[in-house]
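Structure record follows, encoded as structure tokens.
In the working numbering, the protein residues as written are 25 to 188.
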């Protein structure tokens, strides 16, 4: 993905990172944490990781959720399921230019979970001037992207600190 490197092959990467391959790794980490006495676990998922955060919340395995520029969510179905089954407060960091989480999906999340409908807590922060991936690989030379990346991190920390 860098200069002079071949283009990233997402299809091959996704094939090697299916739920059947990756979820057992996540579950092993959670089990180890619990075996070490950890009683509250928060999770943050960027892009691909958002699916895991939602699934862990559905399964009641995490206490607090944060996702940024999520991928792999089905709108509005996953938001309705979150409302019905999850108890982990949810923060979504989103942006205006995101094919994986378009503004329509963000609006659906707000419609289902916002305005106090999700009692544990819901917040979505929209980072203007940013595109998908801003919170992990944004162009820090762009003031809006830098503000989005740093702001999303700050929002996540504040969300966790207030709820753990």
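Every residue gets a Cβ at the ideal spot worked out from N, C-alpha and C, and that includes glycine.
Runs of the alpha helix (DSSP H) lying entirely within the segment 155-181 and spanning at least 4 residues, in chain order: 158-161. Counting along the chain, residue 116 sits inside the beta strand (DSSP E) bounded by residues 114-118. In this structure, the beta-carbon distance from residue 158 to residue 172 falls below 8 Å. Using a 10 angstroms sphere on the CB of residue 94, the tally of other CB atoms reaches 16 or more, which defines it as buried.
When only Cα atoms are considered, residue 37 and residue 96 end up about 14 Å apart. An exposed status is given to residue 30, since fewer than 16 other beta-carbon atoms sit within 10 Å of its beta-carbon.
According to the DSSP assignment, residue 46 belongs to the alpha helix (DSSP H) that extends over 43-59. Residue 153 sits in coil when the DSSP states are folded into three classes, being neither helix nor strand. In this structure, residue 99 sits away from residue 144, with a CB-CB distance that is not shorter than 8 Å. In the three-state scheme derived from DSSP, where H, G and I count as helix and E and B as strand, residue 148 is classed as strand. Here residue 68 carries a strand assignment [DSSP, helix/strand/coil].
Between the C-alpha atoms of residue 153 and residue 59 there is a straight-line separation of about 43 Å.
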